[in-house]
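This report refers to the structure that appears directly beneath it.
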Amino acid sequence: DIKEDGSYTLDLKYFKYHYADRMPSQAMEKLLDGPTRKKETEVAQRHKDIAAALQLILEEAMTAMLKDLSKKTHYQNVVLGGGVALNSVYNGKILRNTPFKRVWIHPNPSDGGSSIGVALYIYHTILGKKREKQHQLSHAYLGPAFSTEEIQQFLDARGIRYSKFKNQQELIASTAKMIFDNKVVGWFQGKMEWGPRALGSRSILANPCNPQAKELLNEKVKHREHFRPFAPVVCADDALKYFDCDKPLPEITDFMLMVYPIKKEWHKKIPSVTHVDGSGRLQTISRKQNHLYYEVIKAFGKLSKIPILINTSFNIRGEPIVCTPADAYTCMMGTGIDCLVMGNFLIKRSDNEQDQWNSEHDAKD
């Protein structure tokens, strides 16, 4: 029951998430003519229809809320938080469907970011503590980093075979060439991202022009359903050539929080990042934010004529994104990742057969 202002009421006999670890109750299953789908079973048309209906209802409620908020405040800028703000399909429609001109969403808008937001609200608003300076969150690289010495110490202690890049130029060129040659590359560089999205520090990179890449990543690396899409990453200065984006490009595309239509002429050229509806969950990157990541994308573009990569989180399904060198190496050795570019080092799975294992039975929701 969605009101004109976007508010709604729920009949709680259909839900039990407020006291159990699953959302629908038996009453909901009866209403929708059958039980919830069990893991690893076929996705039937009924399941697709229910998912599409839920997304439509969410979008109707959000649009009504935002229009009402705009009417009451006359503001042109809006900030969203909470888990729903990770619904990148809807996020990409906000500026087109509401009066707002700018939208901001934190790179970790669910529980992690909300808890910090509450702490800052208490500190500045309730306790009245003055802000010393304005801070703009221009990137999400706020996690742990590991030095060249720490990475090499790990590799040597484990007896792992590796090679070392001569310089940064060789690292960039070699990584781009491996991806162009359809290798799946684990990418472990600098400070880890904060939030649920891999944004170029703990990422798996692959060739979006390869029509088999999506199936390979889903089956051999992520161990998940074949229809699950992968995100494209593009340098910010190239985004408008390939994507039907808002103009100017919202800052939050840097955080992979917006789904946009991919321009039709590119659908067949980048099939592994083009979803069934012709869209992609876009990440943009600038040289200032992440120089190394940016240059690899540009170098790949010189080889392929398309400066876009597949970027997916460096983990298997159900596991957290890798944090440490040990995490990254273990993940690679249990999956279809071909090689790991970790700091200044290149580690190939085929050179370390003694540590290979099969992670598929450990993948879980």
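Add 1251 to a position in the sequence shown, counting from 1, and you land on the number used in my numbering. Glycine included, each C-beta is placed from N, C-alpha and C at the ideal position.
In its chain, beyond the 5 residues on either side, W1445 and G1446 have a beta carbon closer than 8 Å to the beta carbon of G1363.
Between D1272 and T1260, the C-beta gap is not smaller than 8 Å, which leaves the two residues out of contact. N1342: member of the alpha helix (DSSP H) spanning S1339 to N1342, first to last residue. The C-beta of T1586 has 16 or more other C-beta atoms within 10 Å across all chains shown, which makes the residue buried.
Counting C-beta pairs closer than 8 Å gives fewer than three between the stretch 1329-1344 and the stretch 1262-1282, which falls short of the contact rule.
In this structure the stretch 1587-1598 lies against the stretch 1426-1443, because at least three pairs of beta carbons, one per stretch, are closer than 8 Å. Counting the other Cβ atoms within 10 Å of the Cβ of Q1440 gives 16 or more, which makes it buried. Taking C-beta atoms as the reference points, L1508 and A1487 fail to come closer than 8 Å.
K1254 has its alpha-carbon roughly 43 Å from the corresponding atom of S1452. Note on R1288: under 16 other CB atoms within 10 angstroms of its CB, so exposed under the neighbour-count rule. Closest by C-alpha distance to H1518, out of M1274, D1489, P1483 and S1258, is P1483.
DSSP lists L1456 and A1482 as the bridge partner or partners of N1562.
Just so you know, the alpha carbons of L1468 and H1474 end up roughly 8 Å apart. With respect to the C-alpha of C1574, the residue from L1283, N1461 and G1437 having the closest C-alpha is G1437.
Y1268 carries a coil assignment under DSSP once its states are collapsed to helix, strand and coil. Between the stretch 1452-1463 and the stretch 1405-1422 there are fewer than three C-beta pairs closer than 8 Å, too few to call the two in contact. For A1391, the closest C-alpha among the options L1305, A1449 and K1290 is that of A1449. Nearest to V1485 by alpha-carbon distance, out of Q1420, K1515, N1562 and N1433, is N1562. The stretch 1574-1583 makes contact with the stretch 1399-1408, as at least three CB pairs between them are under 8 Å. CA-CA distance, L1282 to L1331, rounds to 32 Å. For Q1440, the secondary structure class from DSSP, reduced to helix, strand or coil, is coil. Just measuring C-alpha positions, the residue of E1291, M1274 and K1264 sitting nearest E1476 is E1291.
For S1537, the CB contacts under 6 Å within the same chain, skipping 5 residues up- and downstream, are A1487 in chain order.
The alpha carbon of I1567 has as its nearest neighbour, out of Y1544, F1506, F1478 and E1470, the alpha carbon of E1470. Taking C-beta atoms under 8 Å as the contact rule, K1380 and Y1372 fail to qualify, at a distance of about 11 Å. Excluding the 5 residues flanking it on each side, H1526 has same chain C-beta neighbours closer than 7 Å at P1480, in chain order. The criterion of a C-beta distance shorter than 8 Å is not satisfied by Y1544 and S1530.
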